[in-house]
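Worksheet for the structure shown next.
2 protein chains.
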Amino acid sequence: MHEAVWAALNDPHRRAVLTLLRQRPHAVGELVGALSLSQPTTSKHLRVLREAGLVRVLPAAQRRIYALDPAPLAELDAWLAPYRALWNDRLDALGRHLDATVTDEQRET
Amino acid sequence: MHEAVWAALNDPHRRAVLTLLRQRPHAVGELVGALSLSQPTTSKHLRVLREAGLVRVLPAAQRRIYALDPAPLAELDAWLAPYRALWNDRLDALGRHLDATVTDEQRET
DNA sequence: GTGGAGTATTCCGATACCAGTATATGCCTA
DNA sequence: TAGGCATATACTGGTATCGGAATACTCCAC
């Protein structure tokens, strides 16, 4: 997973763009309105997302339609994989604790 | 998921710390060696991780043992959830395409 | 080819971040 | 309680990032 992906995800406006693009592709103008940022600032965020591979652009006349590319997010998912066991273990332990507690309470009745 | 988590994860040294702590808790001195950073710089990274809730510290005499707290990573996993369907869909589509291709090729033989 | 719509790039200023050096704090041992 | 070990904080310099304003680029429609 490349550094640019982490950096791109480290901004709330850019994450908001990803959320919007999850529904459907958007033209830049639509994103400008949704983010309440200036058009140049929005364009710059889109550039960061593009260079991280998180979005793809489809030119349509003078408009540019941005669409989500989830591939880097799949890499993020892979990065997360080794940690997943940790909170699963913790939940398992909680589960066993609760089971034991219930058993104890049942024994008490 | 809080902003501090994204910011904390946006640094390679801090992610390296998480990787190390995945195996077992480490004292600060051990991390200094592993990261080849100065001790104060390492401490500062640990502060960022601590304030993001990604690590917990257990004082042991004059040493401080840092341990991973995976809870924020579970939140990251949850953040990722709505996107997971997207690359699954794409893989499904690829799968169907391959199936269809194989079927076609088999028809041709 | 001129005009305008839509988007990207450039140029600032303010702030945040990362690394190091120097220094402070806390805790054990003798 | 004096000394030393382990860690944290303060301060500083260099660089990156974010935002807006101004400007450049590109592509239709007329």
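Top line first, the protein sequences correspond to chains Z and P.
Numbering of the first sequence is given in the numbering used here, commencing with residue 369 and proceeding in unit increments.
Numbering of the second sequence is given in the numbering used here, commencing with residue 369 and proceeding in unit increments.
We put the CB at the ideal spot given by N, CA and C, even for glycine.
Short Cβ contact (7 Å threshold) for residue i with residue j
| i | j | result |
| --- | --- | --- |
| Asp445 (chain Z) | Arg424 (chain Z) | no |
| Leu422 (chain P) | Ala376 (chain P) | yes |
| Glu478 (chain P) | Met369 (chain P) | There is simply no residue 478 (chain P) to check, as chain P begins at 369 and stops at 477 in what is shown. |
| Val400 (chain P) | Thr387 (chain P) | no |
| Val373 (chain Z) | Pro450 (chain Z) | no |
| Pro393 (chain Z) | Ala429 (chain Z) | no |
| Asn378 (chain P) | Asn378 (chain Z) | yes |
| Leu417 (chain Z) | His381 (chain Z) | no |
| Ala453 (chain Z) | Arg431 (chain Z) | no |
According to DSSP, residues forming a beta bridge with residue i
| i | result |
| --- | --- |
| His394 (chain Z) | Z:Tyr434 |
| Arg424 (chain P) | P:Ala435 |
Burial state of residue i (16 or more Cβ within 10 Å)
| i | result |
| --- | --- |
| Gln391 (chain Z) | exposed |
| Leu414 (chain Z) | buried |
| Pro408 (chain P) | exposed |
| Leu389 (chain P) | buried |
| Glu476 (chain P) | Interpretation of Glu476 (chain P) is limited by its pLDDT of 37, a score under 50 that renders its predicted location unreliable; the figure taken from the coordinates is listed afterwards. When all chains shown are included, Glu476 (chain P) counts as exposed. |
Report task. Could you list the residues in the segment 441–454 of chain P with a C-beta less than 8 Å from some C-beta on chain Z, going in chain order? Result -> For the segment 441–454 of chain P, the set of positions with a beta-carbon nearer than 8 Å to some beta-carbon of chain Z reads Leu441, Ala442, Leu444, Asp445, Leu448, Pro450, Tyr451, Arg452, Leu454 in chain order.
Report task. Note down, in chain order, all residues in the segment 405–427 of chain Z with a beta-carbon under 7 Å from any beta-carbon belonging to chain P. Result -> Across the segment 405–427 of chain Z, no CB contact with chain P closer than 7 Å is found for any residue.
Requested in this report: Would you list, in chain order, the members of the segment 383–407 of chain P that have their beta-carbon closer than 7 Å to a beta-carbon of chain Z?
Outcome: The residues in question are Arg390.
**Report entry** Residues in the segment 429–441 of chain Z having any Cβ partner in chain P nearer than 8 Å
**Finding:** Taking 8 Å as the upper bound on Cβ-Cβ separation, chain P lies near residues Leu436, Pro438, Ala439, Leu441 of the segment 429–441 of chain Z.
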